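Under my numbering, the first residue of the sequence shown carries the number 1, and numbering increases by one thereafter. Here's the structure we're looking at; comments come further down.
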Amino acid sequence: MLTDAQLAIVKATVPVLQQHGETITKTFYRNLFAAHPELKDIFNMANQAKGDQPRSLANAVLGYAANIDQLANLGPAVAKIAHKHCSLDIAPEHYPIVGENLLKAIGQVLGDAATPEIVDAWGAAYGQLAEIMISVERAMYEEDAAKGWAGFKPFRVVKKTPESAVVTSFTLVPADGKPLPLHKAGQYLSVRLEGVGENVEMRQYTVSCAPNTDHYRISVKREPGGLISNHLHDNVDEDLVALVHVVV
Ligand SMILES: Cc1cc2nc3c(=O)[nH]c(=O)nc-3n(C[C@H](O)[C@H](O)[C@H](O)COP(=O)(O)OP(=O)(O)OC[C@H]3O[C@@H](n4cnc5c(N)ncnc54)[C@H](O)[C@@H]3O)c2cc1C
Ligand code: HEM
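If you want it as structure tokens, here you go:
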């Protein structure tokens, strides 16, 4: 729990951190991938190159930490992020790594302005936010496990259906032949592929068939310059094995 003094410091320093948000984010990711290159297999490095989505992680930490005393208001937002994290198999042990590199980036960007009190208060705020995320994600993983699902599982493409000049649907069945949990309306899954790019690649696709227990279907739009959408369109024929994770 943050002390009142830590809370006051966090709230007072949010504007200055947000003002430097862009530099903090860039510094954070540069440090993170230098210290933990294995995380390039979790993040979409194309997003990194474009620089838009990655901002959301660091900005979210800054924004949510500022509201740390009213976290009840963050319920739906936290659930959405947790769902994304779980689809990527993010684990509790990733949190200290992100926290350490975020604090380091704050220190580097603010320089002398990052007093020990400020760094300590932000460390406490991050720790509290991480605890909340970890516990929501643990509950999601437990719910999945109760439905017989843990992590990524191999699927085969059994049908490839062109829908238009730019959209192709892929029907995926589990390699183990076991019944699938019913998906919800709007549910997405993560496809994980190795050997297509430099890193392991994961992308999300909305399930485009009605709920059933033997297959999922995804409908993929060709993204100009996109790695995985073009790979699926051009190189994937029936029988490809992909790892799929659905947070059900
Ligand atoms: C919840 C969710 C559900 C989704 N559902 C669907 C769905 O049902 N169907 C669907 O088709 N998609 C869906 N998507 C999008 C999908 O996950 C992928 O983002 C999409 O297929 C593009 O992936 P890609 O690997 O082809 O492109 P990426 O390789 O990730 O590239 C994305 C874009 O970045 C550009 N880019 C790449 N490298 C650089 C660089 N160095 N500098 C600048 N720009 C660069 C590319 O040209 C491309 O335009 C969904 C996404 C989410 C988050
Ligand atoms: C308190 C800590 C964290 C917060 C507040 C946070 C917040 C966010 C937000 C807001 C998004 C965008 C969600 C969306 O697209 O719907 C996101 C995505 C993501 N987060 Fe987190 N996150 C945290 C910790 C972590 C950790 C520990 C990891 C693991 C290393 C991680 C990895 C990712 C990845 C890989 C994505 C997808 C973006 C991409 O691939 O570029 N996050 N996070």
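Every residue gets a Cβ at the ideal spot worked out from N, C-alpha and C, and that includes glycine. If you're wondering where the values come from, they're calculated on a predicted model, not measured in any experiment.
Residue i and residue j closer than 7 Å at C-beta
{"i": "Val109", "j": "His20", "result": "yes"}
{"i": "Ile24", "j": "Glu117", "result": "no"}
{"i": "Ala175", "j": "Arg192", "result": "no"}
{"i": "Lys40", "j": "Phe33", "result": "yes"}
{"i": "Leu74", "j": "Met202", "result": "no"}
{"i": "Ser190", "j": "His245", "result": "yes"}
Separation of residue j from residue i, as counted between CA atoms
{"i": "Ser169", "j": "Pro154", "result": "18 Å"}
{"i": "Ala124", "j": "Tyr141", "result": "25 Å"}
{"i": "Ala210", "j": "Arg222", "result": "23 Å"}
{"i": "Ser135", "j": "Gly127", "result": "12 Å"}
{"i": "Ala113", "j": "His183", "result": "49 Å"}
{"i": "Leu180", "j": "Lys147", "result": "9 Å"}
{"i": "Gly177", "j": "Asp214", "result": "8 Å"}
{"i": "Pro162", "j": "Val98", "result": "41 Å"}
{"i": "Gly219", "j": "Val207", "result": "Here residue 219 is Ser; the residue named in the question, Gly, does not match the sequence. The straight-line gap from Cα to Cα measures roughly 8 Å."}
{"i": "Val78", "j": "Asn230", "result": "32 Å"}
{"i": "Ala5", "j": "Ala121", "result": "8 Å"}
{"i": "Lys84", "j": "Gly111", "result": "33 Å"}
{"i": "Asn101", "j": "Asn31", "result": "6 Å"}
First through last residue of the alpha helix (DSSP H) which encompasses residue i
{"i": "Arg222", "result": "Premise fails: Arg222 is in no alpha helix (DSSP H) and is neither H nor E."}
{"i": "Glu38", "result": "Per DSSP, Glu38 belongs to no alpha helix (DSSP H) and is neither H nor E."}
{"i": "Thr115", "result": "No alpha helix (DSSP H) holds Thr115; DSSP gives it neither H nor E."}
{"i": "Met45", "result": "Met45 to Lys50"}
Subject >> Distance cut 5 Å, beta-carbon to ligand 1 heavy atom: residue list by chain order >> reply: Ala46, Ala49, Lys50, Tyr188, Arg203, Gln204, Tyr205, Thr206, Val220, Lys221, Glu223, Gly225, Gly226, Leu227, Ile228 and Ser229
query = What runs of the beta strand (DSSP E), each 3 residues or longer, lie entirely inside the region 154-221?
reply = 167-174, 188-193, 201-206 and 216-221
Every unbroken alpha helix (DSSP H) inside the region 66-99 [4 residues or more]: 75-87
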